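Engineer:
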Amino acid sequence: MEPILEKFIGMYDVLRADNLSVLADVYHPDIVFIDPLHVVEGLDELTEYFQHLYVNVQSIEFDITDRYIKDNNGFVYWQMRYCHPKLNSGNEIVVDGHSKLTFLGGKVAHHRDYFDVGSLLYRQIPILGYLVKLVDKRAADA
């Protein structure tokens with residue numbers, strides 16, 4: 001397996017609010033990070049993004065379910081488990097997703113995450129979650 005992909009996966013095993021410096025070991029200075037809610041450009045902005053992300057998260061874990069390398073791209077399939085005091089009454093939330101990575105100079109230069117935003121966030125907010133689940137049910141019954 002490509003060393004940078006292993007380094008990327010290992011980084012997420014140890015990444016926490018108090019050790020964001022590990023991002024520089026894996027990500028290119030001109031990193032472009034995209035997920036369904038954000039577009040982040042540059043290592044400094046990515047560090048701020050993770051700093052904000054981890055400020056209220058009580059726990060977060062990634063279980064890597066599969067990984068592939070093809071040319072200069074990596075593909076990582078994962079399950080994220082996290083707890084946030086303002087979501088799902090502070091109980092664990094589980095989200096499946098995957099990341100497409102592009103490598104440049106032994107680092108990740110482009111990182112795009114794919115996941116269901118409803119599972120991650122919208123269904124976890126009390127009133128909004130009820131409405132999203134109602135829409136889901138009606139769509140299933142249609």
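Under UniProt numbering, the letters of the sequence shown match residues 1 to 142, in that order.
Even for Gly, the Cβ is constructed at its ideal location relative to N, Cα and C.
A quick note: this is a predicted structure, and the numbers were derived from the prediction, not measured.
Please report the straight-line C-alpha distance between Glu-92 and Lys-70, rounded to a whole angstrom.
Structural biologist: Distance between the alpha carbons of Glu-92 and Lys-70: 34 Å.
Engineer: What residues in its chain sit with their C-beta under 6 Å from that of Asp-66, if we drop five residues either side in the sequence?
Structural biologist: If we look at Asp-66 and ignore the five residues flanking it on each side, its Cβ neighbours are Tyr-77.
Engineer: Threshold first: 4 residues or longer. Then list the alpha helix (DSSP H) segments lying entirely within the UniProt domain "SnoaL-like" (11-111), N to C.
Structural biologist: Runs found: 23-26 and 43-54.
Engineer: Closer than 8 Å by C-beta to Met-1: which residues in its own chain qualify, once you throw out the five before and the five after it? Chain order, please.
Structural biologist: A caution first: Met-1 carries a pLDDT of 47, below 50, which makes its placement in the model unreliable, though a value can still be read off. Here the set comprises Arg-67 and Ile-69.
Engineer: In or out: His-111 buried (at least 16 other Cβ within 10 Å) or exposed?
Structural biologist: Its Cβ being crowded by 16 or more others within 10 Å, His-111 is buried.
Engineer: Name the residue from Asn-56, Val-32 and Asn-88 whose alpha carbon lies nearest to the alpha carbon of Ala-17.
Structural biologist: Taking only the C-alpha atoms, the option nearest Ala-17 is Asn-56.
Engineer: List the whole-angstrom C-beta distance separating Leu-15 from Leu-46, where the pair is believed to meet the contact cut-off of C-beta under 8 Å.
Structural biologist: At roughly 11 Å, the Cβ-Cβ gap does not stay under 8 Å, so Leu-15 and Leu-46 are not in contact.
Engineer: What residues are listed by DSSP as bridge partners for Met-113?
Structural biologist: Checking the displayed sequence, the identity of residue 113 turns out to be Asp instead of Met. Note: Asp-113 sits in a beta bridge opposite Ser-99.
Engineer: For Ser-59, count neighbouring Cβ atoms within 10 angstroms of its own Cβ and tell me buried if that reaches 16, exposed if not.
Structural biologist: Exposed, since its Cβ has fewer than 16 Cβ neighbours within 10 Å.
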